[in-house]
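Chemist: Sequence lines, in order, name chains H, X and F. Take 25 as the starting number for the first sequence in the working numbering and just add one per residue. Take 56 as the starting number for the second sequence in the working numbering and just add one per residue. Take 0 as the starting number for the third sequence in the working numbering and just add one per residue. Quick one: structure below, then a few questions.
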Amino acid sequence: MRRAGVLLMAALLPALAAPPVVIRNANVITITKGNFKGSVLLRDGKIEAFGEKIVIPSGAEIIDAAGQYVMPGIIDPHSHIASESVNEGSISVSSMVTIEDVLNPEDIAIYRALAGGVTTAAIMHGSANAVGGQSAVIKMRWGKNAAGILFGNAKPILKLALGENPKRRGNPTGQTPPRYPASRMGVEDVIRQAFTEARNYRDAWREYEAKVKRGERALPPRKDLKLEPLVEVLEGKRLVHAHCYRADEILMILRLADEFGFRIHALVHALEGYKVAKEIAAHNAGATTFSDWWAYKMEVADAIPYNAALMFKKGVQVSLNSDDAELMRRLNLEAAKVVKYGGVSENDALAMITIMPARQLGIEDRVGSIEIGKDADLVIFDRHPLSSYAKVQKVIIDGEVYFDRDRDATERTAREREKKALIEKARERQKQSAAPARRPS
Amino acid sequence: MKSTILLLLLSLGAAGVHAKPPSTYAIRGARIVTVSGATLEKGTVLIRGGLIQDVGANVDIPADAWVIDGHGLIVYPGLIDSLSTLGLAEAEPADAPAGQRRSPPAAQQTPARGPEDRPATTSWLRAADMINPADRRIESARNAGFTNAVTFPQRGMFAGQGAVIALAGERPGDMVVATPAGMYLTLSTAGSGGFPSSLMGVMAYIRQVYLDAEHYKLARQQYASRANGAQRLPYDRALEGVLEAPRILLPASRAVEIERMLKFAAELKTPAVLYGGHEAYRAADVLRKTGTPLLINLRWPERGREEDPERMDSLRILRLRELAPSSPAELAKAGCRFAFYTGGIPMRDLRKAVKRALDAGLSHADAVRAFTLSPAEIYGVADRLGSIDRGKIANLVITDGELFAERTQIKYIFVDGVKYEPLPEPAEEREANR
Amino acid sequence: MTRTLLLIVLCSFSLRAANSDSFLLRGGTVHPVSGPDIPNGAVLVRDGRIVEVGAKIAAPKGVRIIDVKGLHVYPGLIDSASQIGLSEIGSVRETNDAAEIGDFNPQVRAIIAINPASEHIPVTRANGITSAIAAPTGTLVAGQAALIHLDGWTWQEMAIAPSAAMVLQFPVIQARSGSRARTGAVPFAEQKRNYERRIQELRRFFEDARRYQKAKAAAPAGFETDLKYEAMLPVLEGKLPLVVQAARERAIKDAIAFAEREKLRIIISGATDAWRVAADLKARNIPLILGPTLALPAEEDDPYDKPFTAPGELYRAGVKFAFGSFSTQFARNLPYQAAAAVAFGLPYEEGLKALTLNAAEIWGVADQIGSIDMGKWADLIVTDGDPLEVRTQVKMAFIKGRAVDLSNKHLRLYQKYLERP
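Below, the structure is given as structure tokens:
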């Protein structure tokens, strides 16, 4: 019996614990612990050690990264990939919806983002309405199912949206009836109303609980999925990311949050954030922005590529986001633009796509830098990641290689072959179904 | 058209002329595929009063029984189409995939402003109250061996309550075997720009409705126990319908949808049945673990005839088209519960569709089960339908060869103990369909 | 901070230099593009034109010397596809002048609608782009594209080629009708019919133009001038290239067939799938305007890096191309389109050419711009490194020998809010 148990253990062990991985001879950019030339040791999905000289455990899988650059996996704090929905824009307050319900782990955009060095992304509700939905934080574990791509224990996030997008339905061009709000004034009103309702709702539950405690007969309030996440915001259990562009609306949402006693964890886009950087910093809000988008609509007429640098210089935690499946593939070059426009240091620029977004998502204890005990989420570039010519060679998530440029090339051929065969088979099927069936005798 | 009238006359004649038509039959010396137990190579089925009175190798045949010589014949339980709109006046919408149909714009005059407006919800509709025996598809299905169908209103998110019906009967009431059979849900949006306008909105709505139903039930109980002095409760027909449903049917075709809906069903704390199932070959594990039954659509995915011939389909789609028919075999192997539904394919294509599942490794016995006992079990009517056992309703299909084999012909169909013989398809139609 | 100050100093220096379009640049590495790099080279400019390029040029008397030691001199970059000057704010209709109503507008000219005061001009040239194609975007024959310098008091002063090409938006069959395909709203047969109708209309228009051409040549009494057909004459005579917008394989193939039949000189622009038909393009020597390279693969199953590798493949197939931004707000990022291609297999020199000399050749202005060669306009940029690298700063830029202001709205707002107490 005991023998069988030992055998069983022996059989299970290799499956449970993959061998440790050592990346060596690499130019390591830790983000928070300096840069050096040396190795990183990964074990059981975590970073176990790093340094110029480390002891390589026996049986370790070695990745030689001579001449290459290793940095923490890129984190995109605002993306819409891997989801079958973006907006529930039919109503002004849609906090009952959650992206987690509709994750699509088979979206090819995941693989493409992975191949661009992204390991974690926050999949956000869109900006069609003032109070949007709940988001989902995922890792680019391509090949896993919906549950398998979830970051796991990430803090929940609620999306708010200000400015032109949420008021668009208030000024419809087609035949749809207008939906409140139609102005920035109304946008604030909707948000204030929603949080006021949430307060009343919370009070109703408290009253009910008090009654129950006193042994009184009481009907519990109706559980309202729209208001529950807002109550979580009021109680500090849910982060808030607010889509915004102009300085006026940024200030508005900061003041509104102050009034209701919660914090805005990230001002999303915030292209005029540089105009109110002082206020943003004072609220301790983060800002996640585009490097150089401008002029696509009126509210970004004053957008400048120096926004990230300027906010950063004034003490704001700044990150960069893609909001776009294509841009998501080259966030490292977005970081390079922050060096170009405003002269942020290279390390600080890389922090804007790693540790800073991690903080804005409340996951900085697990990802965003190369530190002992953190998730083994790394990307290996063939050149310095801020170079226009840098190509991602390997991407590691939880210690497992999810992207490998050589492997990609091999798989390509296999996939093409399979595809050809399947097309042939489908053609055969079609021929058969078109052919006359034999008449029953 | 002519043939329908003829048949109508025939059936009316049968009912009208004989107040009590002879109801005792004995099918003697046939191979009997009981489905519930071992197949009898040579046995007899005795039918009386619309029920199977006896079945076995040695059955005493009463003197009044009309004997059918079963030599060379095979007796199967009548087939059950486990998800259909048979008998419902509204025709099946064109071949839009299940779960993606749009709600009729008429259902939503003003855009819904939230869950409270109960958008695209008709949970109170009962298929049992809407049966139209004159639906011409009934005869066609019966000729193909179907004696029963589970039929549902299918428009909107909460479309309505289904019913198990018999595919024969003069009056609507004659046809209903069991009701309600379950609530049919789709994940279609509300339309007209109202709530919900996205898949996640639909899911949030369904979730809220179940919470509301729970609360409604509680409130109703409290009110009933002491109405005097309490504020009266509004009546919510949407929630009444939801509370009445013994189970819900959720659409899930791709593997990701199957996993999503299994998780969702667990959250709703309601017994669920999934329908669609084309990519179930990738989800056998999770289906077995949850024990949730799956209804598999026999309309296998293929490239549409109206699609751009130069369009490149993705490997993902190509794989699905190739492997969808392997889902039943994979599920059978894993020990999952599943049944078939025809998905509105023309009955003449049924054998071809089943053949693809058989070619992909499904045993013939499992295929028969997926059309008989499995759907009966899934809908909780296995005490009366789905197998050839004493006491069950005498719904049988009698063939001259293995069911679904290309040359097999159906000789007789019994529905509630009444014998039907399939009429040959009109010749020109037969040609036209080739 | 010091960096910014330096920039400001440089800017004001450039402004002061602007009063003269004759100077000698020296001390930097000169990258003529048409020939090998010249370390510690010099470029002599007189009256806006390059008069000498070399390792050692004696400074003529009275000519100002600009020392660019440690810096690099490149020809100004050319954006071969944009709406610069035609579009200011994407979503504000009133600020957009790139599209006209109607299918056949060969007579409309982008050049006269270029707003020389557009904020996009200084923003774009600040990153080393000194000239650009500004193209109309309407349906079918959309109008005449202009090749402009990104400097000038008026559009007239900006014009390099006021009519650089006729723009044709080639009709497409919607290969994917998205969610509509699901409901079967537009069956393929119907889409194809619509498409064939469009092609027919297009052919008829060209035929009508030819009949007009013939009639005009015969000069019958009472011949009336028609502006539309008149505008088509240079196209029919092969004097003006037809730039055909065609992205997907079918459209590219059909566009090639159309050009064959109509015997037209074409340039294919926005050719996403060009790599699928590289041999055809090479066989007919049809040049391409590529881009955007920084794009997603067109098909789910395409390799993730297809848009990056395609330019290299086209180069190896012998197809000539230049890059375009296909944008206004992102026109300044043009060099990074080339960088992505270079990272994935396009030789660096070819990437640079596709931003300069190739573009000039394709647009028929290689005698004026595109390289640092004698006789060409002195469109020069001075950088602290490789212009394809994001981190590289453009330190000076000259258009027609005039030092241009590298400041712009963005820099001004930055400086203003940097000082906010």
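All residues carry an ideal CB built from backbone N, CA and C; glycine is no exception. Remember, it's a predicted structure, so these values are computed and weren't measured experimentally.
What is the residue span of the alpha helix (DSSP H) that alanine 305 of chain H lies within?
Modeler: In the first sequence, counting from the first residue as 1, residue 305 of chain H sits at position 281. From DSSP, the alpha helix (DSSP H) with alanine 305 of chain H extends over 301 to 307.
Chemist: On a Cα-Cα basis, can you pick out the residue from X:Glu365, X:Asp404, X:Ala233 and X:Asp414 that is closest to proline 301 of chain X?
Modeler: Position 246 of the second sequence, counting from 1, holds the residue named residue 301 of chain X. Comparing Cα-Cα distances from proline 301 of chain X to each of X:Glu365, X:Asp404, X:Ala233 and X:Asp414, the minimum goes to X:Ala233.
Chemist: Since I believe alanine 285 of chain X is in contact with alanine 310 of chain X (beta carbons under 8 Å), could you give me their beta-carbon distance rounded to a whole number of angstroms?
Modeler: Mapped onto the second sequence, residue 310 of chain X falls at position 255. Mapped onto the second sequence, residue 285 of chain X falls at position 230. 49 Å between Cβ atoms; not a contact.
Chemist: Can you check which of these residues, F:Ala340, F:Ile285 and F:Ala163, is closest to alanine 294 of chain F by C-alpha distance?
Modeler: Taking the first residue of the third sequence as 1, we reach residue 294 of chain F at position 295. If we check each option's Cα against that of alanine 294 of chain F, F:Ala340 comes out closest.
Chemist: Pull up the CB-CB distance for leucine 254 of chain H and alanine 218 of chain H, whole angstroms please, since I reckon it's below 8 Å.
Modeler: Position 230 of the first sequence, counted from the first residue, corresponds to residue 254 of chain H. Position 194 of the first sequence, counted from the first residue, corresponds to residue 218 of chain H. The pair is a contact, with the Cβ atoms about 6 Å apart (cut-off 8 Å).
Chemist: Kindly say whether proline 205 of chain H, judged by its beta-carbon, lies nearer than 8 Å to any beta-carbon of chain F.
Modeler: In the first sequence, residue 205 of chain H corresponds to position 181, counting from 1. Output row for proline 205 of chain H: interface = no.
Chemist: Nearest-angstrom Cα distance between tyrosine 330 of chain X and glycine 435 of chain X?
Modeler: Walking along the second sequence from the start, residue 330 of chain X turns up at place 275. Walking along the second sequence from the start, residue 435 of chain X turns up at place 380. The straight-line gap from Cα to Cα measures roughly 17 Å.
Chemist: Less than 8 Å between CB atoms is the rule here; does leucine 4 of chain F satisfy it with respect to chain H?
Modeler: As a working note, residue 4 of chain F is residue 5 in the third sequence. Because leucine 4 of chain F sits at a pLDDT of 46, beneath the cut-off of 50, its placement in the model cannot be relied upon, and the following sentence gives the value as read from the coordinates. With 8 Å as the cut-off, leucine 4 of chain F does not count as an interface residue toward chain H.
Chemist: Using a beta-carbon distance below 8 Å, is leucine 128 of chain X in contact with chain F?
Modeler: By one-based count along the second sequence, residue 128 of chain X stands at place 73. No, leucine 128 of chain X lies away from the interface with chain F (no Cβ there is under 8 Å from its Cβ).
Chemist: Any idea what DSSP makes of valine 403 of chain F, helix, strand or coil?
Modeler: On the third sequence, position 404 is the one that residue 403 of chain F refers to. In the structure shown, valine 403 of chain F sits in coil (DSSP, three-state: anything other than H, G, I, E or B).
Chemist: My understanding is that leucine 65 of chain H touches glutamate 76 of chain H, with C-beta atoms under 8 Å, so please give their C-beta distance in whole angstroms.
Modeler: As a first step, residue 65 of chain H must be located in the first sequence, where it is residue number 41. As a first step, residue 76 of chain H must be located in the first sequence, where it is residue number 52. Rounded, the Cβ-Cβ distance is 13 Å, inconsistent with contact.
Chemist: Cβ atoms of arginine 193 of chain H and arginine 203 of chain H: under 8 Å apart, would you say?
Modeler: Your numbering for residue 203 of chain H matches position 179 in the first sequence. Your numbering for residue 193 of chain H matches position 169 in the first sequence. In contact: arginine 203 of chain H and arginine 193 of chain H (Cβ atoms closer than 8 Å).
Chemist: Is arginine 181 of chain X close to chain F, meaning its C-beta is less than 8 Å from at least one C-beta of that chain?
Modeler: Walking along the second sequence from the start, residue 181 of chain X turns up at place 126. No, because no Cβ of chain F sits closer than 8 Å to the Cβ of arginine 181 of chain X.
Chemist: For glycine 115 of chain F versus glycine 142 of chain F, is the C-beta distance shorter than 8 Å?
Modeler: Locating residue 115 of chain F in the third sequence gives position 116, counting from the first residue. Locating residue 142 of chain F in the third sequence gives position 143, counting from the first residue. With the sequence shown as reference, residue 115 of chain F is identified as proline, and glycine is not the correct amino acid for it. No; because the gap between Cβ atoms is not below 8 Å, this pair is not in contact.
Chemist: Using the three-state DSSP reduction, which class does glutamine 244 of chain F fall into: helix, strand or coil?
Modeler: Looking up residue 244 of chain F in the third sequence gives position 245. Note: glutamine 244 of chain F maps to strand in three-state DSSP.
Chemist: If we ignore side chains and look at the alpha-carbon of each, how far apart do leucine 378 of chain X and lysine 407 of chain X end up?
Modeler: Along the second sequence, read from residue 1 onward, the residue named residue 378 of chain X stands at position 323. Along the second sequence, read from residue 1 onward, the residue named residue 407 of chain X stands at position 352. Whole-angstrom Cα-Cα distance: 15 Å.
Chemist: Quick one: measure Cβ to Cβ for isoleucine 465 of chain X and threonine 454 of chain X, integer angstroms, because I've assumed they're closer than 8 Å.
Modeler: Walking along the second sequence from the start, residue 465 of chain X turns up at place 410. Walking along the second sequence from the start, residue 454 of chain X turns up at place 399. Their Cβ separation, rounded to whole angstroms, is 5 Å, which keeps isoleucine 465 of chain X and threonine 454 of chain X in contact under 8 Å.
Chemist: What residue ranges within the stretch 169 to 229 of chain X form continuous alpha helix (DSSP H) runs of no fewer than 4 residues, ordered along the chain?
Modeler: Correct list: 191 to 198.
Chemist: Quick one: which residues of the stretch 360 to 388 of chain X get their C-beta closer than 8 Å to a C-beta of chain F? List them in chain order.
Modeler: Flagged, chain order: Glu361, Glu362, Asp363, Pro364, Glu365, Arg366, Met367, Ser369, Leu370 and Arg371.
Chemist: Below 7 Å on C-beta distance, what does proline 190 of chain H contact in chain X?
Modeler: Stepping through the first sequence from its first residue, residue 190 of chain H is reached at position 166. Here the premise fails: no neighbours, minimum Cβ distance about 15 Å.
Chemist: Between the Cα of valine 205 of chain X and those of X:Lys474, X:Leu458, X:Ile468 and X:Ala431, spot the shortest distance and give me the residue it belongs to.
Modeler: In the second sequence, counting from the first residue as 1, residue 205 of chain X sits at position 150. Considering only alpha carbons, the answer is X:Ala431.
Chemist: Kindly give me the distance between the Cβ atoms of alanine 170 of chain H and leucine 138 of chain H, rounded to whole angstroms, as I take these residues to be in contact under 8 Å.
Modeler: Locating residue 170 of chain H in the first sequence gives position 146, counting from the first residue. Locating residue 138 of chain H in the first sequence gives position 114, counting from the first residue. Not really, about 16 Å apart at Cβ, beyond 8 Å.
Chemist: Return yes when the Cβ of valine 242 of chain F is within less than 8 Å of the Cβ of alanine 254 of chain F, no when it is not.
Modeler: The residue labelled residue 254 of chain F in the question sits at position 255 within the third sequence. The residue labelled residue 242 of chain F in the question sits at position 243 within the third sequence. The answer is no: Cβ separation not under 8 Å.
Chemist: Report the option in X:Val470, X:Pro306 and X:Arg197 whose CA atom is closest to the CA atom of threonine 347 of chain X.
Modeler: Taking the first residue of the second sequence as 1, we reach residue 347 of chain X at position 292. Of the candidates X:Val470, X:Pro306 and X:Arg197, the one whose C-alpha sits nearest the C-alpha of threonine 347 of chain X is X:Pro306.
Chemist: Are the beta-carbon atoms belonging to asparagine 357 of chain F and alanine 321 of chain F less than 8 Å from one another?
Modeler: As a first step, residue 357 of chain F must be located in the third sequence, where it is residue number 358. As a first step, residue 321 of chain F must be located in the third sequence, where it is residue number 322. Their beta carbons are under 8 Å apart, which means asparagine 357 of chain F touches alanine 321 of chain F by this criterion.
Chemist: Provide the residue span of the alpha helix (DSSP H) that contains phenylalanine 284 of chain H, from first to last.
Modeler: Here residue 284 of chain H refers to the residue found at position 260 of the first sequence. Run containing phenylalanine 284 of chain H: 271 to 284, per the alpha helix (DSSP H) assignment.
Chemist: Quick check for students: name the residue ranges of the alpha helix (DSSP H) that lie wholly in the stretch 183 to 247 of chain F, counting only runs of 4 or more.
Modeler: Runs of the alpha helix (DSSP H) inside the stretch 183 to 247 of chain F: 187 to 217 and 226 to 235.
Chemist: Assign proline 174 of chain X to one of two classes, buried (16 or more other C-beta atoms within 10 Å of its C-beta) or exposed (fewer than that).
Modeler: For this step, residue 174 of chain X is matched to residue 119 along the second sequence. It counts as buried.
Chemist: So what does glycine 156 of chain H bridge to, in DSSP terms?
Modeler: One-based indexing of the first sequence puts residue 156 of chain H at position 132. DSSP lists no partner for glycine 156 of chain H.
Chemist: Name, please, each residue of chain F whose Cβ falls closer than 9 Å to the Cβ of lysine 361 of chain H.
Modeler: By one-based count along the first sequence, residue 361 of chain H stands at place 337. What lysine 361 of chain H touches in chain F: Asn332, Val389 and Arg390.
Chemist: Can you list, in chain order, the residues of its chain whose CB lies under 6 Å from that of valine 397 of chain X, leaving out five sequence neighbours each side?
Modeler: Position 342 of the second sequence holds residue 397 of chain X. The sequence given here places threonine at residue 397 of chain X; valine does not occur at that position. Same-chain partners within the cutoff: Asp136 and Leu353.
Chemist: Using a C-beta cutoff of 8 Å, does serine 253 of chain X count as contacting chain F?
Modeler: Against the second sequence, residue 253 of chain X aligns to sequence position 198. Not closer than 8 Å to any Cβ of chain F, the Cβ of serine 253 of chain X fails to qualify, so no.
Chemist: Do you know whose CA, among X:Ile107, X:Gly200, X:Leu349 and X:Gly133, lies nearest methionine 402 of chain X's CA?
Modeler: The sequence position of residue 402 of chain X within the second sequence is 347, counting from 1. For the residues X:Ile107, X:Gly200, X:Leu349 and X:Gly133, the minimum Cα distance to methionine 402 of chain X belongs to X:Gly200.
Chemist: So does the stretch 410 to 429 of chain X actually touch the stretch 362 to 369 of chain X, counting three or more Cβ pairs closer than 8 Å?
Modeler: As far as the Cβ criterion goes, the stretch 410 to 429 of chain X does not touch the stretch 362 to 369 of chain X, which means the pair count is below three.
Chemist: Are the CB atoms of proline 96 of chain H and serine 393 of chain H nearer to each other than 8 Å?
Modeler: If you number the first sequence from 1, residue 96 of chain H lands on position 72. If you number the first sequence from 1, residue 393 of chain H lands on position 369. The answer is yes: Cβ separation under 8 Å.
Chemist: Scan the stretch 295 to 355 of chain X and note each continuous beta strand (DSSP E) run of 3 residues or more that stays entirely inside, going in chain order.
Modeler: The qualifying runs are 303 to 307, 327 to 331 and 349 to 352.
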